[in-house]
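Dropping the structure here:
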């Protein structure tokens, strides 16, 4: 999956001469935490609601209310924006973008096309929603967890999938979670309410099923 498949295309942005007061108002009204800064069609920076709050005078200041409003009205997003913006491209793979956001500890990335124009935005919340869909958590499914030796998972996984097919179980998602240097768990989610027949045959076939869940009932073996 590519960034263009799930990015938000309706991106709210402001020019660099926007006052902090107006920028904060825009972000609060639109319930966004980050605001791209665009001048002449090009991304020049980004700021956040936290950054604006930090830049606002403290309540403990000796300035009068009028002086505070005057000071805030003179400050613009250009004064506080982050100019070294980490961006991505619409054709970038989702997993690469997710890894960048994780390693760089950022909550979102503007999406720029080949012309360098802002065409979208991806947030950590967007990625979270995507993971929910990819793992099949957005609809009722049954879940089976099978333990493998890491050295055998590639050779034995085909047999497990064939057994699922034999029982007419449609795979919604399949994910691998390493437990240590030798053991890994494969979690399969299928679109079926009845999986007892599959579980019984899987165990008889030598697969180490450690748990399965149907509805809200989880059975550990």
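In the working numbering, the protein residues as written are 114 to 334.
Built from N, CA and C at the ideal position, the CB exists for glycine as well.
Leaving out five residues before and five after residue i in sequence, what residues of the same chain have Cβ atoms less than 8 Å from its Cβ?
i: residue 199; result: 213, 217, 219, 222
i: residue 261; result: 269, 270, 296, 297, 298, 299, 321
Starting from residue i and walking both ways along the alpha helix (DSSP H), at which residues does that stretch end?
i: residue 317; result: 309–317
i: residue 140; result: 133–143
i: residue 164; result: 162–168
Quick one: give me the first and last residue of the beta strand (DSSP E) that residue i is part of.
i: residue 233; result: 231–236
i: residue 265; result: Where residue 265 is concerned, there is no enclosing beta strand (DSSP E), given that its DSSP letter is neither H nor E.
i: residue 215; result: Not the beta strand (DSSP E): residue 215 falls in the alpha helix (DSSP H), residues 207–217.
i: residue 357; result: Only positions 114 to 334 of the chain appear in this structure, which leaves residue 357 out of reach.
i: residue 193; result: Segment: none, residue 193 is in no beta strand (DSSP E) and carries neither H nor E.
i: residue 295; result: From DSSP, residue 295 is part of no beta strand (DSSP E); its letter is neither H nor E.
i: residue 222; result: 221–225
Measuring CA to CA, which of the options is closest to residue i?
i: residue 333; options: 162, 159, 257, 139; result: 257
i: residue 235; options: 259, 312, 205, 132; result: 205
i: residue 282; options: 306, 289, 267, 288; result: 306
i: residue 325; options: 153, 208, 259; result: 259
i: residue 146; options: 133, 162, 152, 134; result: 162
i: residue 280; options: 247, 269, 304, 299; result: 304
i: residue 156; options: 323, 228, 215, 211; result: 228
Taking 8 Å as the threshold (C-beta atoms), are residue j and residue i in contact?
i: residue 203; j: residue 232; result: yes
i: residue 295; j: residue 263; result: yes
i: residue 190; j: residue 136; result: yes
i: residue 297; j: residue 289; result: yes
i: residue 276; j: residue 315; result: yes
i: residue 149; j: residue 165; result: no
i: residue 274; j: residue 299; result: no
i: residue 119; j: residue 239; result: yes
i: residue 154; j: residue 230; result: yes
Roughly how many angstroms separate the alpha carbons of residue i and residue j, rounded to a whole number?
i: residue 317; j: residue 311; result: 10 Å
i: residue 128; j: residue 188; result: 13 Å
i: residue 201; j: residue 121; result: 13 Å
i: residue 194; j: residue 253; result: 44 Å
i: residue 141; j: residue 132; result: 14 Å
i: residue 144; j: residue 138; result: 10 Å
i: residue 115; j: residue 224; result: 12 Å
i: residue 173; j: residue 241; result: Since pLDDT at residue 173 reaches only 43, below the 50 mark, its modelled position is unreliable, and the value read off the structure follows with that caveat. Going from the Cα of residue 173 to the Cα of residue 241 covers about 39 Å.
i: residue 167; j: residue 126; result: 20 Å
i: residue 329; j: residue 269; result: 29 Å
i: residue 197; j: residue 248; result: 34 Å
i: residue 250; j: residue 293; result: 25 Å
i: residue 134; j: residue 301; result: 50 Å
i: residue 237; j: residue 152; result: 25 Å
i: residue 117; j: residue 323; result: 38 Å
i: residue 278; j: residue 124; result: 43 Å
i: residue 313; j: residue 319; result: 10 Å
i: residue 215; j: residue 272; result: 34 Å
So, at 7 Å on beta carbons, what are the nonlocal neighbours of residue i in its own chain, with the 5 sequence-adjacent residues on each side left out?
i: residue 308; result: 255, 257, 282, 325, 327
i: residue 130; result: 189, 191
i: residue 331; result: 324
Comparing the CB of residue i with every heavy atom of the ligand NAP, is any distance shorter than 7 Å?
i: residue 157; result: As for the ligand NAP, it is missing from this structure, which has no ligand bound.
In its own chain, which residues sit with a C-beta less than 6 Å from the C-beta of residue i, not counting the 5 before and 5 after it?
i: residue 409; result: As shown, the chain starts at 114 and ends at 334. That puts residue 409 outside it, with no answer to give.
i: residue 291; result: 297
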